[in-house]
Amino acid sequence: MKILSIHDLQIIRKRAEHHLSLREESNEKVSEKCCGLASGTTHLQILICGGTGCKASSSQGITENLQKAIERNGITDKVDVITVGCFGFCEKGPIVKIIPDNTFYTQVTPEDAEEIISEHIIGGRRIGRLLYIDPKTEQTVSDSKHMDFYRKQLRIALRNCGFIDSENIEEYIAREGYFALADCLLNKQPADVIDVIKRSGLRGRGGGGFPTGLKWEFASKQVSDVKYVVCNADEGDPGAFMDRSVLEGDPHCIIEAMAICGYATGASEGYIYVRAEYPIAVKRLEIAIGQAREYGLLGKNIFDSGFDFDLHIRLGAGAFVCGEETALMTSIEGNRGEPRPRPPYPAVKGLFGKPTTENNVETFANVAQIILNGADWFASMGTERSKGTKVFALGGKIKNTGLVEIPMGTTLREIVEEIGGGIPGGKKFKAAQTGGPSGGCIPASLMDTPIDYDNLTAIGCMMGSGGLIVMDEDDCMVDIAKFFLNFTVDESCGKCTPCRVGTKRLLEMLEKITSGNATLRDLDKLEELCHYIKANSLCGLGQTAPNPVLATLKFFRDEYVAHVVDKKCPAGVCKALLSYEILEDRCRGCTACARKCPVGAISGNVKEPHVINKSLCVKCGVCMQTCKFGAIVKR
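Just so we're on the same page, the numbering used here is the position in the sequence shown counted from 1, plus 397.
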């Protein structure tokens, strides 16, 4: 059916509502009772996470086994198995959710499928061993609404992820999908759309935080025969998977937002630049674009308004520098991904030399909801200069790894201790790296800092696209800076000398420090070079590359000094500065360590204290892992 009017859209929405009615109901309330067929429930839905993480943990096998069990029991007309996007709680995946009782099963395996059907679906009995166990109360929790991981979250960009079948356009329409586009085309002038986005306070979620409405306004004022809209889905930060999850779980929200942007800025064509390493996201985008064209929501004369807009997908080859907007556009044009000098900015001269509006996935994911609910609704959330919510990929030394969306202004302590569940193993929180290789670290002393663009900038960090890597007392901050800088050196396109050569020299200086060969003068040179690279690099990659070094120097300078002056790594990470010793009073002479040592560096008689020949020791740590008596220490 080709949609020509708002009436046509409403017909499809009404037709599709039955797909979501049970899910909408379960979203509003929590059922204490298990709603199996034995309890009189006439229809159930089984939602299975189809995101990359759960797919990698055999969620497809769960789906297949559930379908087989349903067929064997002759209940195909009473149970639907639906693949949805990421639920966010990746630590506990694969996740299976039963509707309408909202039961949330975690760490499900394909072998559990038969029991889910026989016990829960047919018998009406929850399976206790698959329920989440609250670490505080040690009690099982049957639904996500009672989990600390979800309590403080507010989902806007992720509102449909884990809720709808991302390959079914009618489920998206049933959730008010494409009604924002219809409202813009039929009831608003382009300037009105831009005004709503400006008043909402939406800022770009790709890293820089530039006001989205202002960017759209710049492009709209350009006079050109052709204009473009570009979605930056080149998510390259280590540990980041926010944009991927949106594309996998709700691709239509990006298509709708790009069409709205096209209308507002006068563009008729758009490109989604997505990493080729995201095959599930690419597949679902292709399906969604095909469906949107079939329904007349992309193409010519959308909603009979005279507005034409179409989209294309371009695959990136994995170059981190292509996350920079001008390098991304150069890559779309078929050239090697290198940045261009600015000005002129893309809004004036961008893709193929034409005015171009570029935003990242998360930015676009907010647009339709702002149009539907109004600028004041969005502006009521967050802080004074950072409105709305922010999606973070929470990883590292944290109990609850996953995808979280929180209101701007939420503190790091709330994210780490309440949503993230704290640090495993009883370790102490040390720092959190925000913004990946382009960002900085937030130390434990600043855990109560409200997270927004300005607060992070004020302490020498940046929001970035949303990677949040948690570190504990066992992490060496000098080594962390070296890790991120090593990544940047590999990813530099080499176009400008400050980045190409400067980052390499920075890395060499860090290697000198971690090997115990540096002086205090080298620390001054390190900081001086950081500021030079920031001031003179061509694009954002080089300009932000020194951030991890500067942030760790600012908050953990004592660790740098320890490496230089004491020739020690306080965290015991940097191998060149380590030594292993056997404590004579604890050694039982069991010979286990000597037998495991790969280089024969440990000697001694049976039942007598052993010694380590430090000239032979390769510092692999096998001896320490092997000793059952705590007789080997790392100094």
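Note that beta-carbon positions come from the ideal geometry of N, C-alpha and C, so glycine has one too.
For Lys787: DSSP bridge partner residues: Answer is Ile803, bridged to Lys787.
Contact under 8 angstroms by Cβ, Ala577 with Leu441: no
8 angstroms CB neighbourhood of Glu488 in its chain, flanking five on each side removed: Spatial neighbours of Glu488 in its own chain (CB-CB distance under 8 angstroms, excluding positions within 5 residues in sequence) are listed in chain order as Lys796, Asn797, Thr798, Gly799.
Selected residue, minimal CA-CA separation from Ala1041, among Gly817, Glu461, Glu429: Only positions 398 to 1032 of the chain appear in this structure, which leaves residue 1041 out of reach.
Integer Cβ distance of Val627 from Met726, believed to fall under 8 angstroms: 7 angstroms
DSSP beta-bridge partners of Ala630: Val671
Beta-carbon proximity check, Gly604 vs Asn756, cutoff 8 angstroms: no
Identified DSSP bridge partners for Ser1000: Val1008
Residues that DSSP places opposite Arg711 in a beta bridge: Tyr670
Segment limits, alpha helix (DSSP H) that includes Cys451: 449-453
Candidates Phe717, Ala689, Val718, Gly720: closest to Asp705 by CA position: Ala689
Residue from Gly750, Tyr977, Pro752, Pro676 whose Cα sits closest to the Cα of Gly715: Pro676
Pairwise C-alpha distance: Thr1023 and Cys838: Approximately 34 angstroms, taken between the alpha carbons.
Reduced DSSP category for Arg737 - H, G, I as helix; E, B as strand; rest coil: coil
Buried versus exposed call for Gln550 [16 or more other C-beta atoms within 10 Å across all chains shown]: buried
Span separating the alpha-carbon of Gly792 from that of Gly864: 8 angstroms
Alpha-carbon to alpha-carbon, Met544 and Ile530: Answer to the nearest angstrom: the Cα atoms are 9 angstroms apart.
Residue range of the alpha helix (DSSP H) that includes Ala724: 722-729
Contiguous beta strand (DSSP E) assignments of at least 3 residues, all confined to the region 816-866: 826-831, 837-840
Collapsed DSSP secondary structure at Asp477 in the structure displayed: Of the three classes helix, strand and coil, the one that applies to Asp477 here is strand, per DSSP.
Cβ pair count under 8 angstroms reaching 3, the region 912-931 against the region 977-995: no
Reduced DSSP category for Leu682 - H, G, I as helix; E, B as strand; rest coil: helix
DSSP state of Tyr529 mapped onto helix, strand, coil: strand
Whole-angstrom C-beta distance between Glu721 and Cys893, which should lie under 8 angstroms: That belief does not hold up - the Cβ atoms of Cys893 and Glu721 are roughly 12 angstroms apart, past 8 angstroms.
Collapsed DSSP secondary structure at Glu978 in the structure displayed: strand
Contacts around Glu653, its chain only, beta-carbon distance under 6 angstroms, and the 5 residues preceding and following it disregarded: Tyr575, Leu578, Ala765
Alpha carbon of Glu815 to alpha carbon of Phe546, nearest angstrom: 7 angstroms
CB of Ala968 within 8 angstroms of CB of Asp871, strictly: yes
Chain-order list of residues whose beta-carbon lies under 8 angstroms from that of His960 (same chain, five-residue window excluded): Val875, Ile910, Thr911, Gly913, Ala915, Cys966, Cys971, Leu974
Rounded straight-line distance, which links the Cα of Pro943 to that of Glu632: Rounded to whole angstroms, Glu632 to Pro943 spans 20 angstroms at the Cα level.
Buried versus exposed call for Asn499 [16 or more other C-beta atoms within 10 Å across all chains shown]: buried
Segment contact flag, the region 726-738 with the region 884-902, C-beta cutoff 8 angstroms, min 3 pairs: These segments touch.
Val623 - DSSP class collapsed to helix/strand/coil: coil
From Leu528, Val643, Lys585, Ala588, residue whose alpha carbon lies closest to that of Asp562: Answer by Cα proximity: Val643.
Cβ pair Cys858, Gly836 closer than 8 angstroms: yes
Cβ neighbour criterion (16 or more within 10 Å) applied to His649: buried
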